[in-house]
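Asks: This is the structure I have questions about; it appears just below.
2 protein chains.
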Amino acid sequence: MQLPPRVDVREVGMRDGLQLEDPVPLEAKLEMLEALVATGVQRIEVTSFVSPKAVPALADADQVAAALGRYEGVHFSALVANLRGAQRAVDAGIPHLEYVVSAADSHSRANAGRPTSEAAEAIGAIAEVSHAAGGSLEVIIATAWDCPFDGRTDPSRTLDVVATAVAAGADQLCLGDTIGTVTPRRTVDLLEAVRAAAPGLPLGAHFHDTRGTGQANALAAVLAGVTQLDASVGGLGGCPFAPGASGNIATEELVYWLDDSGVETGIDLDLVLAAAAVTERAVEHPLPSSLYRAGGASRPRGEFRP
Amino acid sequence: MQLPPRVDVREVGMRDGLQLEDPVPLEAKLEMLEALVATGVQRIEVTSFVSPKAVPALADADQVAAALGRYEGVHFSALVANLRGAQRAVDAGIPHLEYVVSAADSHSRANAGRPTSEAAEAIGAIAEVSHAAGGSLEVIIATAWDCPFDGRTDPSRTLDVVATAVAAGADQLCLGDTIGTVTPRRTVDLLEAVRAAAPGLPLGAHFHDTRGTGQANALAAVLAGVTQLDASVGGLGGCPFAPGASGNIATEELVYWLDDSGVETGIDLDLVLAAAAVTERAVEHPLPSSLYRAGGASRPRGEFRP
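Protein chains in written order, with the working numbering: chain W, 228 to 533; chain F, 228 to 533.
If you want it as structure tokens, here you go:
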């Protein structure tokens, strides 16, 4: 099995993980940030600059941004949904932006209030705002594979967004399996098509573990040469015990198998588990990560038979 | 990505899944069997013939065996832990046996009351019992990768068991990740070493999803050419909400990604989900499978953001 020497994990628990939670007090959120920085992870998506009405859990984006100055050597980024959000993020001191465009029209309308083509048109202006502030713009293509309303997303729709992003000056791309339905072969097929269409741009992938296939997709992506993966501490994101649970792949599970397979991440697994404990206290409910629930990698227990 | 045209899934929910549960009434167990046969799965591990004191949940092995005659075209097998169990299974009408040998001494002593070498010595006699009844013997090597007491299992210990099994007339081999600690690279390395040591024997793998890596390991195994995989309906096996949860990989999650990746299994996913519902009623607690909890593959829900 040909694995790369290193995979670059982005921690998205503070944004994708927290956004559907009841709002967590700023102090607890900053403890979570502190614990995440301590893990050694080099990229953290810290918040999103979107309407506080739509996402009350991230209404404190400015205050979170104000706390980042104390940390060195970590690439902090924020998600934005439009030009106004981009300007807010930059004004708050976060020049590295992620702008989400849904490849499926129905999801784009539901999530951003406009069809894919209109959402994609804004890429150029957002890239300018980011670049003017010394930052970078990553375009995250949501519903890249599947849409909860439209079903399978035609690959040409995703590739159209890629072409627009390239032309508009995006610095990086990421494909999102928004509803956790993709599987290994389709993971690889679309990632390879996007890489062929945008050979110069770094390409990442964002998986949810909704159907238990998230880590298998991550493996498929890594085997296909994609070395930038999103993950969320504790598998936070969506309620694990409700129908439709939709947590991100768990950072500790990803780091565990990468580490154990000889792939460097720069992340300390025990410190991710410690950060998961901090996160669990912050959100006040059990986290879905199997590894976390099992008590960690290095502490297998005795309750088993063959 | 090079995937094989077909993967042969063995359903182990009735044995590995139920063995740690509170005993399920025979009638409910037979409903579960009926639902599993209906899925189209062609191999089912139905019970084990072990001490009812050690495994009270499977004390009705004879009665389960008596119910198998009504089903045609399914390869039923039973797990045994020694020669006496093998004779019991054959007498009950199940000639296809799985005999477990732990590659790690400490686990072998804890699980079978004797070290690996003594457990392996019994393979020949058990093979004879099975063959005399017109059956076959699969040797399942438990703790093939890792042991909860001894840590990493030296590959030479697993290969020693393989050599003994080959010499003693075993018909098939299976490597068990007993405590759910293995990861993709080590999965492939050991499977390839075993295949090289026993090129003539069919080789399967048995993964637990304790640390969220089960389906990734399954993908790694399939990519390495292993096309026989164990899985458990609903991910049954161990309590999902307790520390140390140790369920098998979920049949529906495995079938979901294989199907969606173009790999045939002969198993109907909707009928596996139906069997999971029957199983959940039988064990009277929620099943750990994420796909089952999410409400099935074809019914993505709306509670998500990018």
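Note that the Cβ used here is the ideal one computed from N, Cα and C, for glycine as well.
1) In terms of residues, what are the limits of the alpha helix (DSSP H) holding Leu263/F?
2) Ordered along the chain, which non-local residues of its own chain (more than five positions away) have a Cβ less than 7 Å from that of Val234/F?
3) Under 7 Å Cβ-Cβ, which residues of chain W neighbour Trp372/F?
4) Note down, in chain order, each residue of its chain lying with its Cβ closer than 6 Å to the Cβ of Ala502/W, except the 5 sequence neighbours on either side.
5) Exposed or buried, which one is Pro467/W when buried takes at least 16 other CB atoms within 10 Å?
6) Put Tyr326/F into one of helix, strand or coil per three-state DSSP.
7) For the putative contact between Ala294/F and Phe276/F, defined by C-beta atoms under 8 Å, what is the C-beta separation to the nearest angstrom?
8) At 3 residues or longer, what runs of the beta strand (DSSP E) sit wholly inside the stretch 398–462 of chain W?
9) In three-state terms, what does DSSP make of Pro470/F?
10) Which residue comes first and which comes last in the alpha helix (DSSP H) that contains Ser357/F?
11) Mind listing which residues of the stretch 420–432 of chain F have their C-beta closer than 9 Å to chain W's C-betas, in chain order?
12) Under 7 Å Cβ-Cβ, which residues of chain W neighbour Asp436/F?
13) Asp287/W touches chain F at which residues, Cβ-Cβ below 7 Å?
14) Just to make sure I have the definition right: I need the residues of chain F whose C-beta is within less than 8 Å of the C-beta of Met241/W. Which are they?
15) Less than 7 Å between CB atoms is the rule here; does Pro411/W satisfy it with respect to chain F?
16) What does DSSP give as the partner residues of Ala369/W in its beta bridges?
17) To the nearest whole angstrom, what separates the beta carbons of Ala451/W and Thr405/W, a pair I think is in contact under 8 Å?
18) Pull up the distance between the alpha-carbon of Ala352/F and that of Ala346/F, whole angstroms please.
19) Following the continuous beta strand (DSSP E) through Leu306/W, name the residue where it begins and the one where it ends.
20) Closest by CA to Thr343/W, which one among Asp381/W, Val291/W and Ala359/W?
21) May I have the straight-line CA-CA distance separating Phe303/F from Gly462/W, to the nearest angstrom?
22) Report buried or exposed for Ala390/W, applying the criterion of at least 16 other Cβ atoms within 10 angstroms of its Cβ.
23) Which first and last residues belong to the alpha helix (DSSP H) in which Arg341/W is found?
24) Give the interface partners of Asp487/W over in chain F, defined as CB-CB distance under 9 Å, in chain order.
25) Would you verify that the beta carbon of Leu400/W is, or is not, closer than 7 Å to some beta carbon of chain F?
26) So with Cβ pairs under 7 Å, would you call Met228/W a contact of chain F?
27) Per the contact definition of three or more C-beta pairs closer than 8 Å, is the stretch 496–513 of chain W in contact with the stretch 245–255 of chain W?
28) CA-CA distance, Val366/W and Val282/F?
29) Starting from the Cα of Pro515/W, find the closest Cα among Ser333/W, Leu400/W and Thr478/W and give me that residue.
30) Just checking my contact of Leu446/W with Pro411/F at CB under 8 Å: how many whole Å lie between their CB atoms?
31) Who pairs with Leu364/W in a beta bridge, going by DSSP?
32) From Asp249/F to Pro513/F, what does the alpha carbon distance come to, in whole angstroms?
33) Considering only C-alpha positions, which residue in the set Arg341/W, Ala395/W, Ala521/W and Asp436/W is nearest to Val409/W?
34) Leaving out the 5 sequence neighbours to the left and right, which residues in its chain are closer than 7 Å to Leu481/F when beta-carbon positions are compared?
35) Could you tell me how far apart the beta carbons of Val388/F and Ala330/F are, in whole angstroms, since I believe they sit closer than 8 Å?
Replies: Taking the definition as stated:
1) Counting from 1 along the second sequence, the entry for residue 263/F is found at position 36. Its alpha helix (DSSP H) spans residues Leu253 to Ala265.
2) Your numbering for residue 234/F matches position 7 in the second sequence. Hits under 7 Å: Val449, Thr454, Leu456, Leu485, Val490 and Thr492.
3) Here residue 372/F is taken as the residue at index 145 of the second sequence, counted from 1. Those within 7 Å of Trp372/F in chain W number zero; the least Cβ separation is about 10 Å.
4) Here residue 502/W is taken as the residue at index 275 of the first sequence, counted from 1. Ala262, Leu263, Thr266 and Val460, listed in sequence order.
5) Taking the first residue of the first sequence as position 1, residue 467/W is located at position 240. Model confidence at Pro467/W stands at a pLDDT of 42, short of 50, so the residue's coordinates are unreliable and nothing is read from them.
6) As a first step, residue 326/F is located in the second sequence; it is residue number 99 there, counting from the start. Residue state, collapsed to three classes: strand.
7) Along the second sequence, read from residue 1 onward, the residue named residue 294/F stands at position 67. Along the second sequence, read from residue 1 onward, the residue named residue 276/F stands at position 49. About 15 Å separates the two Cβ atoms, so there is no contact after all.
8) As far as the stretch 398–462 of chain W is concerned, its whole beta strand (DSSP E) runs of at least 3 residues are 399–403, 430–433 and 455–458.
9) As a first step, residue 470/F is located in the second sequence; it is residue number 243 there, counting from the start. With a pLDDT of 44 at Pro470/F, under the threshold of 50, the modelled position of that residue is not reliable, and the figure given next carries that caveat. In the structure shown, Pro470/F sits in coil (DSSP, three-state: anything other than H, G, I, E or B).
10) Position 130 of the second sequence, counted from the start, is the residue given in the question as residue 357/F. That run of the alpha helix (DSSP H) goes Ile350 to Ala359.
11) From the stretch 420–432 of chain F, no residue has a Cβ closer than 9 Å to chain W.
12) Position 209 of the second sequence, counted from the start, is the residue given in the question as residue 436/F. Residues of chain W passing the Cβ test: Ser517.
13) Taking the first sequence and counting its residues from 1, one reaches residue 287/W at position 60. Those within 7 Å of Asp287/W in chain F number zero; the least Cβ separation is about 17 Å.
14) By one-based count along the first sequence, residue 241/W stands at place 14. Close partners of Met241/W in chain F (Cβ separation under 8 Å) are lacking, with about 14 Å as the shortest Cβ gap.
15) Here residue 411/W is taken as the residue at index 184 of the first sequence, counted from 1. Yes, Pro411/W lies at the interface with chain F (some Cβ there is under 7 Å from its Cβ).
16) In the first sequence, residue 369/W corresponds to position 142, counting from 1. Looking at the DSSP assignment, Ala369/W forms a beta bridge with Ser329/W.
17) Along the first sequence, one-based indexing puts residue 451/W at 224. Along the first sequence, one-based indexing puts residue 405/W at 178. 20 Å between Cβ atoms; not a contact.
18) Numbered from its first residue, the second sequence carries residue 352/F at position 125. Numbered from its first residue, the second sequence carries residue 346/F at position 119. If you take the alpha carbons of Ala352/F and Ala346/F, they lie about 11 Å apart.
19) Locating residue 306/W in the first sequence gives position 79, where the first residue counts as 1. That run of the beta strand (DSSP E) goes His302 to Val307.
20) For the purposes of this step, residue 343/W is identified with residue 116 of the first sequence, where counting begins at 1. Comparing Cα positions, the closest option is Asp381/W.
21) As a first step, residue 303/F must be located in the second sequence, where it is residue number 76. As a first step, residue 462/W must be located in the first sequence, where it is residue number 235. Distance between the alpha carbons of Phe303/F and Gly462/W: 37 Å.
22) As a position in the first sequence, residue 390/W is number 163, starting the count at 1. Looking at its Cβ environment, which holds fewer than 16 other Cβ atoms inside 10 Å, Ala390/W is exposed.
23) In the first sequence, residue 341/W corresponds to position 114, counting from 1. That residue, Arg341/W, is in no alpha helix (DSSP H); it is neither H nor E in DSSP.
24) Numbered from 1 along the first sequence, position 260 holds the residue referred to as residue 487/W. Chain F residues near Asp487/W: Thr408, Val409, Thr410, Pro411, Arg412, Arg413 and Thr440.
25) As a position in the first sequence, residue 400/W is number 173, starting the count at 1. No, Leu400/W does not count as interfacial toward chain F.
26) As a working mapping, residue 228/W is identified with position 1 in the first sequence. Interface residue, yes.
27) yes
28) For the purposes of this step, residue 366/W is identified with residue 139 of the first sequence, where counting begins at 1. For the purposes of this step, residue 282/F is identified with residue 55 of the second sequence, where counting begins at 1. Going by the C-alpha atoms only, they are around 54 Å apart.
29) Locating residue 515/W in the first sequence gives position 288, counting from the first residue. Minimum Cα distance to Pro515/W is reached at Thr478/W.
30) The residue you call residue 446/W lines up with position 219 of the first sequence. The residue you call residue 411/F lines up with position 184 of the second sequence. 6 Å between Cβ atoms; contact.
31) Position 137 of the first sequence, counted from the first residue, corresponds to residue 364/W. DSSP output for Leu364/W lists Leu324/W as bridge partner(s).
32) Within the second sequence, the letter at position 22 stands for residue 249/F. Within the second sequence, the letter at position 286 stands for residue 513/F. Answer to the nearest angstrom: the Cα atoms are 14 Å apart.
33) Here residue 409/W is taken as the residue at index 182 of the first sequence, counted from 1. Considering only alpha carbons, the answer is Asp436/W.
34) Here the question's residue 481/F lines up with position 254 in the second sequence. Only Val236, Gln442, Ala445, Leu456 and Ala458 meet the Cβ criterion.
35) For the purposes of this step, residue 388/F is taken as the residue at position 161 of the second sequence. For the purposes of this step, residue 330/F is taken as the residue at position 103 of the second sequence. Yes, Val388/F and Ala330/F are in contact; Cβ-Cβ is about 5 Å, under 8 Å.
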